[in-house]
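Numbered according to the UniProt record's numbering, the sequence shown spans residues 1 to 169. Virtual Cβ for every residue (Gly too), placed ideally from N, Cα, C. Some notes on the structure that comes next.
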Amino acid sequence: MGKRVKTEIGDIFSVELENGNKKYFQYIANDRTQLNSDVIRSFKREYPARVIPDYSELLKGDIEFHAHTVINIGVKQGLYMQEGKSIVYPTLEEVLFRDTNDYGNKVGDEPIKVSERWFVWKINDEGFRKVGKLEGENRIAEIGIVIPPFAIAERIRTGKYNFVYPDFD
1 MGKRVKTEIG DIFSVELENG NKKYFQYIAN DRTQLNSDVI RSFKREYPAR
51 VIPDYSELLK GDIEFHAHTV INIGVKQGLY MQEGKSIVYP TLEEVLFRDT
101 NDYGNKVGDE PIKVSERWFV WKINDEGFRK VGKLEGENRI AEIGIVIPPF
151 AIAERIRTGK YNFVYPDFD
């Protein structure tokens with residue numbers, strides 16, 4: 001039986017890149033409105049593999065994306081390494097997610113490439129707002145489905161997810 005992985009809000013994890021460097025993400029919340037999944041904040045800056053970053057500087061750095069996932073599975077699969085812990089900074093009030101019911105399709109049907117039936121929400125906000133077409137601040141909302149750990153690692157490494165999901169324009 002595999003070792004139990006214990007994670008807590010504030011924990012910091014690394015993902016090894018193809019060039020041997022690392023990028024980091026922090027476990028920032030649980031979103032009870034999205035299967036009580038782990039919410040992460042991934043940072044843009046790369047660090048050499050042997051350098052342990054100053055976490056206060058790391059957390060002040062540019063944010064690449066936010067996502068819902070299951071961290072302990074990614075650790076068990078060797079996709080992420082648990083590195084340390086720090087306070088969650090900046091605050092969570094501005095983190096915005098989006099989803100659409102146009103995701104997925106029946107066998108034989110063409111997937112919907114552009115949706116105009118979006119809804120958005122913030123972490124633990126049970127008031128999902130139907131917004132239709134994504135406009136204004138809603139255009140920066142991240143995909144809000146619970147994303148498998150391998151897809152999180154892929155996005156950290158390449159800048160994009162490895163699955164099909166409707167766009168908004």
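_Measuring alpha carbon to alpha carbon, tell me which residue in Lys60, Arg117 and Lys122 is nearest proline 134._
Before going on, a small fix: residue 134 reads as leucine here, not proline. Its Cα nearest to that of leucine 134, the residue Arg117 stands out among Lys60, Arg117 and Lys122.
*Quick one: is serine 56 buried, meaning 16 or more other Cβ sit within 10 Å of its Cβ, or exposed?*
Label assigned to serine 56: exposed.
_My output table needs one value for alanine 49: the three-state DSSP class, helix, strand or coil._
In this structure, alanine 49 counts as coil in the three-state DSSP scheme.
*Quick one: residues in its chain with C-beta nearer than 6 angstroms to the C-beta of lysine 44, no 5 flanking neighbours on either side, listed in chain order?*
Cβ contact annotation for lysine 44 (same chain, cutoff 6 angstroms, sequence separation greater than five): Asp62 and Glu64, in chain order.
*State the start and end residues of the unbroken beta strand (DSSP E) segment that holds asparagine 138.*
Secondary structure note for asparagine 138: it is in no beta strand (DSSP E), with a DSSP letter that is neither H nor E.
*Could you pull the start and end residues of the beta strand (DSSP E) that glycine 84 belongs to?*
Unbroken beta strand (DSSP E) run through glycine 84: 81-85.
*Taking one C-beta from the stretch 98-114 and one from the stretch 80-88 each time, how about it: are there three or more such pairs within less than 8 angstroms?*
Too few Cβ pairs lie closer than 8 angstroms, so no.
_Checking the sheet assignment: what are the DSSP bridge partners for threonine 100?_
In DSSP, threonine 100 forms a bridge with Trp118.
_Host beta strand (DSSP E) of glutamate 18 (start-end)_ = Neither: glutamate 18 is in no beta strand (DSSP E) and is coded neither H nor E.
*Pull up the distance between the alpha-carbon of tyrosine 103 and that of tyrosine 165, whole angstroms please.*
Approximately 6 angstroms between the Cα atoms of the pair.
_Rounded C-alpha distance that separates tyrosine 89 from glycine 132_ = When rounded, the distance between both Cα atoms is 31 angstroms.
*Cα separation between valine 114 and lysine 3?*
Each residue's alpha carbon lies about 42 angstroms from the other.
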